[in-house]
Every structure is written in C-alpha cells, then in structure tokens.
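Going by the numbering used here, the first residue of the sequence shown is number 639, and it counts up by one from there.
Cβ coordinates follow ideal geometry from the N, Cα and C atoms, glycine included.
Let me begin by presenting the structure, written as structure tokens, before commenting on it.
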Amino acid sequence: MSVATTVNIILDGGKKYNKGKRSVERRKRNRRRRKNKTAKRRRLRQGRQDDIKTEYDTIHGLLLSLQHQLHVLDSTRRNLSIGNPELVPESTGLLTTIANQYTSTEGTCRALVGRKEHLQNDHLKQQGNSTMKPQKKRRHGSNDLDRTTLPLV
639 MSVATTVNII
649 LDGGKKYNKG
659 KRSVERRKRN
669 RRRRKNKTAK
679 RRRLRQGRQD
689 DIKTEYDTIH
699 GLLLSLQHQL
709 HVLDSTRRNL
719 SIGNPELVPE
729 STGLLTTIAN
739 QYTSTEGTCR
749 ALVGRKEHLQ
759 NDHLKQQGNS
769 TMKPQKKRRH
779 GSNDLDRTTL
789 PLV
C-alpha cells in the first residue's frame with residue numbers, strides 16, 4: 639500500500655485507525671489486565687492461607703501427641719509412687735527423670751499453644767486484609783467489609 643493510500647485511510651477514518659475502536663480495545667485490554675491482576679492476588683492470598691493452615695494442622699498434631707505423652711508420664715509417675723510404696727526409695731532417680739521429662743514436655747506444649755494462637759490470629763487477620771483505602775472501601779461496598787471469617791479450629 640502506498641503512503642498516499644495510508645494517509646487517506648487514516649484521514650478518512652479507516653477501521654484500524656478509528657479513535658472509538660482504539661478506545662474500545664484499550665478498555666478491553668485494561669479490563670483483562672485488571673481481571674488477571676485480581677486473580678493473581680487471589681491465588682497468592684489463597685496460597686498464604688494454605689501455608690498457614692498446613693502449619694496449623696502440623697502443630698495441632700504435635701500438640702495432641704505431646705498431650706498424650708504428658709498423660710503417659712503422669713500415669714507412670716502415679717503408678718510408681720502409689721502402686722509400690724516399698725519401691726519408692728529405689729525409684730527416686732526414675733521419678734526425678736520422669737518429673738524432668740514432664741516439665742520439659744509441658745514447656746514445649748506451652749510454646750506450641752502460643753504458636754498455634756499466633757497462626758490463628760494471622761489467619762483471621764489476613765482474611766479481612768485489603769489493599770483498598772478505608773475511605774474508598776466504605777463507598778465501594780467491598781466484600782472485605784462483610785466477610786465473616788471462621789477460625790482454623
């Protein structure tokens with residue numbers, strides 16, 4: 639196509655050079671970009687939530703096993719001290735070992751409960767987290783305002 643023909647098409651409003659068509663294409667492109675950006679943000683947020691959930695489940699399983707271990711240690715200590723009173727002087731070393739193990743297991747349990755509560759707070763905080771300004775959020779009617787989040791329990 640010659641230069642003159644191209645200039646005539648541009649000036650006469652050829653389909654390709656129509657301002658309305660360009661704005662429609664730009665609007666479609668921007669809409670697609672916004673949609674992809676939102677989907678990406680949603681995927682990232684969901685990934686973080688999944689990470690928190692798996693760590694929470696792991697800690698919950700550890701807590702259950704430690705509580706079972708505490709129960710076993712407690713019953714062993716009771717059986718040694720109550721079951722055979724004549725063996726108490728001979729088993730003082732064993733009772734001391736059990737008491738030390740019980741104390742350390744109890745401390746680990748407390749630390750895990752603290753971590754579990756921290757993960758719970760992170761989960762609840764991230765659910766309602768939005769990058770939108772608070773003033774705009776009030777006008778916007780965003781889903782983040784009326785979302786009811788359930789705890790991990």
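- Secondary structure at residue 640: coil, using DSSP grouped into helix, strand and coil.
- A straight-line Cα-Cα distance of about 43 angstroms links residue 677 and residue 706.
- About 5 angstroms separates the CB atoms of residue 747 and residue 704; that is less than 8 angstroms, so the two are in contact.
- If you look at residue 668, you'll find it in the alpha helix (DSSP H) that goes 657-716.
- Residue 698 and residue 674 have their C-alpha atoms spaced approximately 36 angstroms apart.
- Taking 8 angstroms as the upper bound for CB-CB distance, residue 694 and residue 750 are not in contact here, some 11 angstroms apart.
- Distance from residue 755 to residue 708 at the Cβ level is roughly 19 angstroms; contact not present, criterion being Cβ atoms closer than 8 angstroms.
- When the beta-carbon positions are compared, residue 736 and residue 711 come within less than 8 angstroms of each other.
- One alpha carbon belongs to residue 740, the other to residue 720, and they sit about 18 angstroms apart.
- It is roughly 22 angstroms from the alpha-carbon of residue 683 to the alpha-carbon of residue 668.
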